[in-house]
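Novice: Can you keep this structure in mind? I'll have questions shortly.
What follows is the structure, encoded as structure tokens:
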């Protein structure tokens, strides 16, 4: 497949990042930090509240989240054929047997991150089983791309569009597994997915420098998902968010690392140019200024700022820095509802937030941007103390298997009388991605706040144990030490389990 190098469009980018929101500059701008250099900033000398400590989030992951994903009902038959729909008690729902590859990918991601945090080899085996099933059953060997849906036995359901968003989350599984193992099969799936996104005969619209919403099942014709002539933010954003940013710095070939970084930069430029206006990243490029339109909410806006922030740290010249520092602090502030100590779901105007219920994934994304921005000058310590305390209101305490509810009401109360048959914790759009990533991010940034090492676990071919590139997830940092903990066997392959300790996170 011919690779077409994406263009950065620096002149257009300069215009976009120079023209910051009139609302932000005139009325709403929260003061940018005095020190705008990327790099580690030493946390303040202060007692760290328990809710902000790294181990709080490691325990949360192990006790509140993991039981839902390690019970037999989560593993599938055969193991790796993970059910997409499960009840409150964790049991699969027989009447909803279809598997969505985007959710299989998210569950592989969950187990891979679980190993990264805990070093538990049984989680890595689950990730490998899911990876093998995903690649064997969900990748279309004839036409290319990832199937939209499989039946309960792994057979593809024909005739469904192959969306760019589904591709991103199917590839999330291989990306995460490769990140912790350097598995060549996983890397191959990541590279092929990237190639499809930037192939002008597939998902890449070279004229407009954007990712198409979807293709038909034969990967020939473009499909407009809304049939409205609009371009979807998620088609762009989720490539960066789901798999590109994680895999990019650790790819085997330096040429691939550069190719991915160029692609990430191009997509970020497209997002700013086509989807940003007045400080908001709008869900569709034709819906600028239309509040309450699809995918226009604090979740997508704050996640986009976070992804661009992490990408900009890697990009030469940091082309988005001024744009980020002029805008993102205001939107963090608007999303936070001080009287409740929680995040709102949506902006209803440039200076107003919704008073309705709270979605788990939006809440997680808001926490994650605030925690990442907190690394700059630690301004959000009090805020995070409140929002993270209230995150625990999402945790299901009614069933021993735990996990988090998909939503709570404005006051932080779960819906009453949820039937055991409800799939609100595991369905076609909810799996372990957001809750596990939230736990990992808070673990990493909590340890940084405590000025303690961030210990993460990898499992790589023995010959690479001393040389592989290790990163503290999508953050930057300094490797202080690595310890070879001996060999483990995953699916018949011997790997060296390595603990890497990081510091100076940013």
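Residue numbers (my numbering): 11 to 516. No residue lacks a Cβ here, since even glycine has one placed at the ideal position from N, Cα and C. In this text the structure is predicted, and so the values were computed from the model without any measurement.
Tell me which residue opens and which closes the alpha helix (DSSP H) that residue 310 is part of.
Specialist: Residue 310 -> alpha helix (DSSP H) spans 308 to 322.
Novice: Would you say residue 397 and residue 346 are within 9 Å of each other, going by their C-beta atoms?
Specialist: Yes.
Novice: Does the distance from the C-beta atom of residue 123 to that of residue 186 stay below 9 Å?
Specialist: Yes, the Cβ-Cβ distance between residue 123 and residue 186 is below 9 Å.
Novice: In whole angstroms, give me the CA-to-CA distance for residue 480 and residue 300.
Specialist: Taking the straight line from one Cα to the other gives about 42 Å.
Novice: Determine the direct distance from the alpha carbon of residue 252 to that of residue 31, and round the result to whole angstroms.
Specialist: Only weak support exists for where residue 31 lies, its pLDDT of 44 falling under 50; the value from the coordinates is given anyway. Going from the Cα of residue 31 to the Cα of residue 252 covers about 28 Å.
Novice: Three Cβ pairs or more, each shorter than 8 Å: is that satisfied between the segment 303 to 321 and the segment 236 to 247?
Specialist: Verdict: yes, contact present.
Novice: What first and last residue would you give for the beta strand (DSSP E) that runs through residue 489?
Specialist: Run containing residue 489: 488 to 500, per the beta strand (DSSP E) assignment.
Novice: Starting from residue 294, follow its DSSP beta bridges and name the residues at the other end.
Specialist: Partner(s): 242.
Novice: Would you kindly work out how many angstroms separate the C-alpha atoms of residue 53 and residue 509, rounded to a whole number?
Specialist: For residue 53 and residue 509, the distance between alpha carbons rounds to 24 Å.
Novice: Measuring alpha carbon to alpha carbon, tell me which of 232, 274, 295 and 283 ends up nearest residue 322.
Specialist: Ranking 232, 274, 295 and 283 by Cα distance to residue 322 puts 274 first.
Novice: Looking at the structure shown, is residue 235 part of a helix, part of a strand, or coil, going by DSSP?
Specialist: Correct three-state label for residue 235: coil.
Novice: Whose CA, out of 259, 72 and 455, lies closest to the CA of residue 379?
Specialist: If we check each option's Cα against that of residue 379, 455 comes out closest.
Novice: Going along the chain, which unbroken runs of the beta strand (DSSP E) with 3 or more residues stay wholly within the segment 308 to 393?
Specialist: Runs of the beta strand (DSSP E) inside the segment 308 to 393: 357 to 359.
Novice: At a cut of 8 Å, does the segment 187 to 194 reach the segment 468 to 480 through at least three beta carbon pairs?
Specialist: The segment 187 to 194 is in contact with the segment 468 to 480.
Novice: Taking three-plus beta-carbon pairs below 8 Å as touching, is the segment 407 to 424 in contact with the segment 112 to 130?
Specialist: These segments do not touch.
Novice: May I have the straight-line CA-CA distance separating residue 282 from residue 211, to the nearest angstrom?
Specialist: Each residue's alpha carbon lies about 24 Å from the other.
Novice: Report the rounded CA-to-CA distance for residue 101 versus residue 437, giving the unit in angstroms.
Specialist: Roughly 12 Å separates the two Cα atoms.
Novice: Assuming residue 158 and residue 222 are in contact, meaning their beta carbons sit under 8 Å apart, how far apart are those beta carbons, in whole angstroms?
Specialist: The pair is not a contact, with the Cβ atoms about 15 Å apart (cut-off 8 Å).
Novice: Taking the runs of the alpha helix (DSSP H) that are 4 residues or longer, which of them lie wholly in the segment 199 to 226?
Specialist: Correct list: empty.
Novice: Touch check for the segment 430 to 447 and the segment 129 to 136: three-plus C-beta pairs under 8 Å?
Specialist: No, they do not touch.
Novice: According to the neighbour-count rule (16 or more other Cβ atoms, all chains shown, within 10 Å of its Cβ), is residue 153 buried or exposed?
Specialist: The residue is exposed, with fewer than 16 neighbouring Cβ atoms inside 10 Å.
Novice: Between the Cα of residue 429 and the Cα atoms of 408, 442 and 413, which residue gives the shortest distance?
Specialist: When each option's Cα is compared against that of residue 429, the closest is 408.
Novice: With a 10 Å radius around its C-beta and 16 neighbouring C-beta atoms as the bar for buried, classify residue 414 as buried or exposed.
Specialist: It is buried - the Cβ of residue 414 has at least 16 other Cβ atoms within 10 Å.
Novice: Determine the direct distance from the alpha carbon of residue 285 to that of residue 120, and round the result to whole angstroms.
Specialist: Approximately 29 Å, taken between the alpha carbons.
Novice: Determine, using beta carbons only, whether residue 390 and residue 51 come nearer to each other than 9 Å.
Specialist: No, they are not a contact pair.
Novice: Measuring alpha carbon to alpha carbon, tell me which of 502, 103, 206 and 73 ends up nearest residue 128.
Specialist: If we check each option's Cα against that of residue 128, 73 comes out closest.
Novice: Per the contact definition of three or more C-beta pairs closer than 8 Å, is the segment 353 to 372 in contact with the segment 287 to 303?
Specialist: With a cut-off of 8 Å, the segment 353 to 372 and the segment 287 to 303 count as touching, because enough Cβ pairs lie within range.
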